[in-house]
Amino acid sequence: MNVVKSKYHLQRLQIELNVNCNLKCLHCYSQSGPGQNKGLPFEQIKDIIDAAHGMGVLAIDLTGGEPLLRKDLFQIAKYIRSKGIFVSLFTNGTLLSQEVADKIVEAGIQFVQISLDGNSAETHDAFRQSKGAFEKSVRGLKLLKNRVKNLKVNIVVNKKNQHEIKGLTEFLSREIGVGYGLDRLIPAGRALVDREWSLSNQEFYKFVVENFGNQSAVTKVCDSPIQMSHLAPHCGVGSFYMYIKYNGEAVICPTMTPAEGSSFSSDNVVSKGLKYVWENGSIFEKYRGVQCKNINICPAARDCRGGCRSNAYLLHGDASSPDELHCNLSKNATGDYIAYLESYKNGIY
Numbered sequence: 034m035n036v037v038k039s040k041y042h043l044q045r046l047q048i049e050l051n052v053n054c055n056l057k058c059l060h061c062y063s064q065s066g067p068g069q070n071k072g073l074p075f076e077q078i079k080d081i082i083d084a085a086h087g088m089g090v091l092a093i094d095l096t097g098g099e100p101l102l103r104k105d106l107f108q109i110a111k112y113i114r115s116k117g118i119f120v121s122l123f124t125n126g127t128l129l130s131q132e133v134a135d136k137i138v139e140a141g142i143q144f145v146q147i148s149l150d151g152n153s154a155e156t157h158d159a160f161r162q163s164k165g166a167f168e169k170s171v172r173g174l175k176l177l178k179n180r181v182k183n184l185k186v187n188i189v190v191n192k193k194n195q196h197e198i199k200g201l202t203e204f205l206s207r208e209i210g211v212g213y214g215l216d217r218l219i220p221a222g223r224a225l226v227d228r229e230w231s232l233s234n235q236e237f238y239k240f241v242v243e244n245f246g247n248q249s250a251v252t253k254v255c256d257s258p259i260q261m262s263h264l265a266p267h268c269g270v271g272s273f274y275m276y277i278k279y280n281g282e283a284v285i286c287p288t289m290t291p292a293e294g295s296s297f298s299s300d301n302v303v304s305k306g307l308k309y310v311w312e313n314g315s316i317f318e319k320y321r322g323v324q325c326k327n328i329n330i331c332p333a334a335r336d337c338r339g340g341c342r343s344n345a346y347l348l349h350g351d352a353s354s355p356d357e358l359h360c361n362l363s364k365n366a367t368g369d370y371i372a373y374l375e376s377y378k379n380g381i382y
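Okay, so the sequence shown: first residue is 34 according to the numbering used here, each after it adds one.
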């Protein structure tokens, strides 16, 4: 592993291997679905991995679409591991079988995240627009439980499934013995059509406090797959993180980009090279090191680390704005949502 000592060392890549998916989830930010056979060929992905290794990248997440639809997925994963880079797989879990589970282990994949959005087939399958999706994903979880050390379920909370989430987390803990994370539905991609499903900051805070008591279960799509001491624990927009789309386009954040388009996109890493885009791409230069403007004065900054830059931007139009949701989750124990942005204006932190 190459060690790079740089203030803005690219540590983590998420590579969108495809936008082809066997499901057509109503809340998919990348708008993936069946028959979208787009994605970089293996040789170009291999070049990206080589460049990442040369830059000292520590972790690569393979996402989609549905990565398991790529015939060369395990070849890609093996190549990443041959470079000593931590590799993760994000999947809907419906295509997991005994054979596929064995291949995941053989390829050296170290972390797998599966998505579930309800505690019943009725709720989950409705969001996934596929009958039987819930049963298949749960079966996949059980197949991987004793094969993959780091296994997690991601749950996207919204107005139509919030009544089932507590039961789902209890089922995952009690029946399967797997960890989980909660994410708020972001109105991006396909979810833009039905914005009313999305919980407001106030509603999500109330949901978390009433059901879980604190922010320990809250996550987001770009969170580090596991707590790695050498991988920065906070939002890496512009500082240590890059998302590469199915066509090689580099973007600073997977959820900011669908909502704002080219405003958060940069050059193509296939034509320009990963190192060049990271060091010279206009969007990375513009947002290099962007973080919450209160990071050095807020007493909760050590734990919050500024929250999510996407959440801050989408709600306030400013990527350096405080993420008020995480302000509440990090330091508000009252149970009543506090309008921290107003108090900050008065110098109260």
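For every residue, glycine included, the Cβ atom is placed at its ideal position computed from N, Cα and C.
Report yes if the C-beta distance between residue i and residue j is below 8 Å; otherwise report no.
{"i": "R45", "j": "V90", "result": "yes"}
{"i": "L149", "j": "I209", "result": "no"}
{"i": "I93", "j": "I113", "result": "yes"}
{"i": "D336", "j": "S363", "result": "yes"}
{"i": "G98", "j": "S121", "result": "no"}
{"i": "E155", "j": "T96", "result": "no"}
{"i": "L184", "j": "K178", "result": "yes"}
{"i": "I81", "j": "K116", "result": "no"}
{"i": "Q47", "j": "P287", "result": "yes"}
{"i": "L101", "j": "L128", "result": "yes"}
{"i": "I371", "j": "N361", "result": "yes"}
{"i": "F273", "j": "H42", "result": "yes"}
{"i": "G200", "j": "K169", "result": "no"}
{"i": "E357", "j": "N234", "result": "yes"}
{"i": "N55", "j": "K71", "result": "no"}
Could you tell me the boundaries of the beta strand (DSSP E) in which residue i lies?
{"i": "N187", "result": "183-190"}
{"i": "F273", "result": "Looking at the DSSP string, F273 is not in any beta strand (DSSP E), and its letter there is neither H nor E."}
{"i": "Q47", "result": "45-49"}
{"i": "A333", "result": "From DSSP, A333 is part of no beta strand (DSSP E); its letter is neither H nor E."}
{"i": "V120", "result": "119-124"}
{"i": "V145", "result": "144-148"}
Use the C-beta contact count for residue i: other C-beta atoms within 10 angstroms, 16 or more gives buried, fewer gives exposed.
{"i": "Y309", "result": "exposed"}
{"i": "S163", "result": "buried"}
{"i": "H60", "result": "buried"}
{"i": "G271", "result": "buried"}
{"i": "V241", "result": "buried"}
{"i": "G350", "result": "exposed"}
{"i": "A283", "result": "buried"}
{"i": "I78", "result": "buried"}
{"i": "N329", "result": "exposed"}
{"i": "E197", "result": "buried"}
{"i": "G322", "result": "exposed"}
{"i": "A166", "result": "buried"}
{"i": "A110", "result": "buried"}
{"i": "A140", "result": "buried"}
Identify which residue in the options has its Cα closest to the Cα of residue i.
{"i": "N53", "options": "Y377, N280, C325", "result": "N280"}
{"i": "I118", "options": "F144, H86, T96", "result": "H86"}
{"i": "Y62", "options": "P100, L232, I219, P355", "result": "I219"}
{"i": "N191", "options": "F237, V181, A159", "result": "F237"}
{"i": "I147", "options": "Q77, L215, L347", "result": "L215"}
{"i": "C325", "options": "V302, C268, I371, E139", "result": "C268"}
{"i": "R342", "options": "I285, E375, T202, G246", "result": "I285"}
{"i": "F144", "options": "T124, K57, E203", "result": "T124"}
{"i": "H359", "options": "E203, R338, N55, S304", "result": "R338"}
{"i": "N344", "options": "S231, E132, Q131, N51", "result": "S231"}
{"i": "Y346", "options": "V133, Y320, S304, W311", "result": "Y320"}
{"i": "N327", "options": "G306, Y377, K305", "result": "Y377"}
{"i": "Q131", "options": "A159, Y373, G173", "result": "G173"}
To the nearest angstrom, how far is the alpha carbon of residue i from that of residue j?
{"i": "N194", "j": "N313", "result": "42 Å"}
{"i": "G340", "j": "P355", "result": "8 Å"}
{"i": "Y382", "j": "A333", "result": "9 Å"}
{"i": "H157", "j": "V171", "result": "11 Å"}
{"i": "V211", "j": "K239", "result": "25 Å"}
{"i": "P266", "j": "R180", "result": "Its pLDDT being 47, under 50, P266 is placed unreliably in this model, and the coordinates cannot settle the point."}
{"i": "L348", "j": "K40", "result": "28 Å"}
{"i": "K278", "j": "Q108", "result": "19 Å"}
{"i": "E76", "j": "S299", "result": "22 Å"}
{"i": "V302", "j": "G368", "result": "45 Å"}
{"i": "N152", "j": "S206", "result": "13 Å"}
{"i": "C58", "j": "D105", "result": "24 Å"}
{"i": "T202", "j": "G246", "result": "14 Å"}
{"i": "E229", "j": "M88", "result": "42 Å"}
{"i": "R103", "j": "S315", "result": "31 Å"}
{"i": "A292", "j": "V133", "result": "With a pLDDT of only 46 at A292, under the threshold of 50, the placement of this residue in the model should not be trusted, and no figure is reported."}
{"i": "V186", "j": "Y213", "result": "4 Å"}
{"i": "M275", "j": "A84", "result": "13 Å"}
{"i": "P67", "j": "E375", "result": "45 Å"}
Which residues mark the beginning and the end of the alpha helix (DSSP H) in which residue i is found?
{"i": "Q195", "result": "195-204"}
{"i": "A352", "result": "Looking at the DSSP string, A352 is not in any alpha helix (DSSP H), and its letter there is neither H nor E."}
{"i": "Q131", "result": "131-139"}
{"i": "E155", "result": "154-161"}
Between residue i and chain D, is there a C-beta pair that is closer than 8 Å?
{"i": "R172", "result": "The question asks about chain D, but that chain is absent: this structure has only one protein chain."}
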